[in-house]
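Q:
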Amino acid sequence: MNVDPAPSLVLPQAGQTGLRLDTALALLRQAGQAEPAGEPGSAAYLQALIDQLVDLSSRDALTGLANRRNFELALGREVDRVARSGESALLLMVDIDHFKRVNDTHGHAAGDLVIKAVGQALTDSVRPMDLVARIGGEEYAVLLPNCPAAFGPQVAARVRQRVARSMVQLPEGPTLQVTVSVGGAFAPQWVRSTPGIWLQRADQQLYRAKAEGRDRVCLEPSVVTAVSASERDMLLGNFQIQDPE
Amino acid sequence: MTDVAKPIAPPGGARITAITSGKGGVGKTFVAANLAAALARRGQRVLVLDADLGLANLDVVLNLAARVTLHDVFTGKATLDEALQPAPGGFSVLLAGSGLVEYSRMTPEVRDKLLDVVSQVRPRFDHVLLDTGAGISDVVLFTVSLADEVLVVATPEPTSLTDAYATVKVLATTQAARPMWLLVNQVQRKGEGRTVSAQLQQVVDRFVNAGRDAPVMLQLLGEVPSDAAVREAVQRRQLLMESLPGTAAAQALALAAGKLLPHE
Numbered sequence: 113m114n115v116d117p118a119p120s121l122v123l124p125q126a127g128q129t130g131l132r133l134d135t136a137l138a139l140l141r142q143a144g145q146a147e148p149a150g151e152p153g154s155a156a157y158l159q160a161l162i163d164q165l166v167d168l169s170s171r172d173a174l175t176g177l178a179n180r181r182n183f184e185l186a187l188g189r190e191v192d193r194v195a196r197s198g199e200s201a202l203l204l205m206v207d208i209d210h211f212k213r214v215n216d217t218h219g220h221a222a223g224d225l226v227i228k229a230v231g232q233a234l235t236d237s238v239r240p241m242d243l244v245a246r247i248g249g250e251e252y253a254v255l256l257p258n259c260p261a262a263f264g265p266q267v268a269a270r271v272r273q274r275v276a277r278s279m280v281q282l283p284e285g286p287t288l289q290v291t292v293s294v295g296g297a298f299a300p301q302w303v304r305s306t307p308g309i310w311l312q313r314a315d316q317q318l319y320r321a322k323a324e325g326r327d328r329v330c331l332e333p334s335v336v337t338a339v340s341a342s343e344r345d346m347l348l349g350n351f352q353i354q355d356p357e
Numbered sequence: 216m217t218d219v220a221k222p223i224a225p226p227g228g229a230r231i232t233a234i235t236s237g238k239g240g241v242g243k244t245f246v247a248a249n250l251a252a253a254l255a256r257r258g259q260r261v262l263v264l265d266a267d268l269g270l271a272n273l274d275v276v277l278n279l280a281a282r283v284t285l286h287d288v289f290t291g292k293a294t295l296d297e298a299l300q301p302a303p304g305g306f307s308v309l310l311a312g313s314g315l316v317e318y319s320r321m322t323p324e325v326r327d328k329l330l331d332v333v334s335q336v337r338p339r340f341d342h343v344l345l346d347t348g349a350g351i352s353d354v355v356l357f358t359v360s361l362a363d364e365v366l367v368v369a370t371p372e373p374t375s376l377t378d379a380y381a382t383v384k385v386l387a388t389t390q391a392a393r394p395m396w397l398l399v400n401q402v403q404r405k406g407e408g409r410t411v412s413a414q415l416q417q418v419v420d421r422f423v424n425a426g427r428d429a430p431v432m433l434q435l436l437g438e439v440p441s442d443a444a445v446r447e448a449v450q451r452r453q454l455l456m457e458s459l460p461g462t463a464a465a466q467a468l469a470l471a472a473g474k475l476l477p478h479e
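Pasting the structure below:
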């Protein structure tokens, strides 16, 4: 495939301020994005350009999903949020089973199609507020804020099944079907933790799913530690009755 | 009193008590320091280890300069012996030092280092008080896992109670069973500690203990009355047990410390 060499765009304003935007604009064009609107070199133009570059640098080029950098930021935010709010959040690690066989048998172009299709199936299997990221070759992560522990197994099963049901049509004819292994762990509520430890716990479950034969879900047994409204009521309501002044 | 024989360390080494609280600002470090002083007066060799890594307060409460800290021990700049320093109440402290902020989140490295420090101090004292951070973190959970017993400090106000309850619940569901004490600080009237303790236990029984083999039983270590003398001592950065031992709050703390002594 031929990629047109980016025409060197010399902006008068940019020239005066010493800004070199050609590479940035070439990147946007390569990603299929329009050049920012507005007077080239103006603040509005540069802000739009920065926004587009930020978007580009937080997405995975092949799938358009969040990339690892974006995911790590989101994971850190979620750990802090959960520690403060006591809400429940689930992290799923998803890995395509026997992906090397796809590449070896059908070539890397087919592999790319499978990676895109799995990404799409993952996106389709969760809520819009959930974050689906491609964090490695054939590895994805799904971050589900506000996901009660009781829902975890069903949500994870739905993710796995949605991928298993999707068909990948190769240009040369054959249709591929792949399965995924899923490992998951909940963020401990009320506990200040680290993204690294949470990731490690979910990863351990992914290893377990792989070791137990793939095409399955393994979730870390969760402990419910949130303080419910009825617990609060019992704790504080009665206390105020017994202790009026 | 020199004729009082120093008790020898228990066979397994020091009894380790992790002192925690859900909410910050309930007097956790104040309680730790004064309990340590009260235990020292009873002839115990006591160490308070500032396990609130990076968010240390013990040096402030005791008016001590953190010369050599846990941070220095962790980074190999000092030995443990150099970091152990005497505190005004006749006990020893191991200060964290503000350089430990980087350790306020649990990593395998911090885990190993803390474990190493605790196992080194254990044979040398009768009682080690681990002053943990406020709230619940991996560091707090790990610190508690090193202890023989837990002391939860709370005050009789809704936020503190809710956080204390959350702490008890998290500890009960994530940690091996161990004795759990409750100390109610800043009570407004006599008996309030008992009321708070009964209230917490009632909710624990209903929501935590249901279906558990080993039910969590909170034992009331004591109640410390809200006392102008406490605020005075804190502001002067003095130990209550040293500067105003006759006050109601100091006596309540001495009584509480007595319950932490063996065979009492």
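Keeping their order, the protein sequence lines are chains W and F. Taking our numbering, the leading residue of the first sequence gets 113, the next gets one more, and so forth. Taking our numbering, the leading residue of the second sequence gets 216, the next gets one more, and so forth. Glycine included, every Cβ here is placed at the ideal spot set by N, Cα and C. In this text the structure is predicted, and so the values were computed from the model without any measurement.
1. Could you name the residues of chain W that F/T377 contacts, counting a contact when the two beta carbons are closer than 8 Å?
2. Closer than 9 Å, Cβ to any Cβ of chain W: which residues of the segment 351 to 371 of chain F, in chain order?
3. Assuming W/R181 and W/S197 are in contact, meaning their beta carbons sit under 8 Å apart, how far apart are those beta carbons, in whole angstroms?
4. Find the nearest neighbour of W/G144 within the set W/D167, W/G349, W/P260, W/L158, judged by alpha-carbon distance.
5. Nearest to F/T232 by alpha carbon, out of F/A362, F/A464, F/G461, F/T410?
6. Quick one: which residues of the segment 233 to 261 of chain F get their C-beta closer than 9 Å to a C-beta of chain W? List them in chain order.
7. Can you check which of these residues, W/A173, W/L282, W/A160, W/L177, is closest to W/N215 by C-alpha distance?
8. Name the chain W residues whose beta carbon is nearer than 9 Å to that of F/A467?
9. In whole angstroms, give me the CA-to-CA distance for F/D341 and F/M456.
10. With distance defined between alpha-carbon atoms, name the residue in W/A136, W/D327, W/T135 nearest to W/V290.
11. Go through its chain and collect everything with a Cβ distance to F/V419's Cβ below 7 Å, but skip five positions before and after it.
12. Using a threshold of 8 Å, state whether the C-beta atoms of F/D265 and F/V308 are closer than that.
13. Whole angstroms are fine: how far does the CA of W/A146 sit from the CA of W/A245?
14. Please list the residues of the segment 377 to 397 of chain F that have a C-beta atom closer than 7 Å to any C-beta atom in chain W, keeping them in chain order.
15. In the DSSP assignment, find the unbroken alpha helix (DSSP H) run with F/D296 in it and report its ends.
16. Along chain W, which residues have their Cβ under 7 Å away from the Cβ of F/F490?
17. For the alpha helix (DSSP H) containing W/I247, name the first residue and the last one.
18. For W/R270 and W/R277, I'd like the C-alpha separation in whole angstroms.
19. Counting Cβ pairs, one atom from each stretch, are 3 or more of them under 8 Å apart for the segment 353 to 361 of chain F and the segment 304 to 312 of chain W?
20. Quick check: the Cα distance between W/K322 and W/Q316, rounded to an integer number of angstroms?
21. For W/Y252 and W/N179, I'd like the C-alpha separation in whole angstroms.
22. Mapping the DSSP letters down to three states, classify F/F306 as helix, strand or coil.
A: The answer reads as follows:
1. V339, R344, L347, L348
2. I351, S352, D353, V354, V355, L356, P371
3. Not confirmed; about 25 Å, so no contact.
4. W/D167
5. F/A362
6. G237
7. W/L282
8. In chain order: nothing, as chain W lies at least about 19 Å away.
9. 19 Å
10. W/D327
11. V383, V431, L433
12. yes
13. 24 Å
14. T377, Y380, A381, K384, V385, T388, T389
15. 295 to 298
16. Any question about residue 490 of chain F goes unanswered here, given that chain F covers just 216 to 479.
17. Looking at the DSSP string, W/I247 is not in any alpha helix (DSSP H), and its letter there is neither H nor E.
18. 10 Å
19. yes
20. 10 Å
21. 9 Å
22. coil
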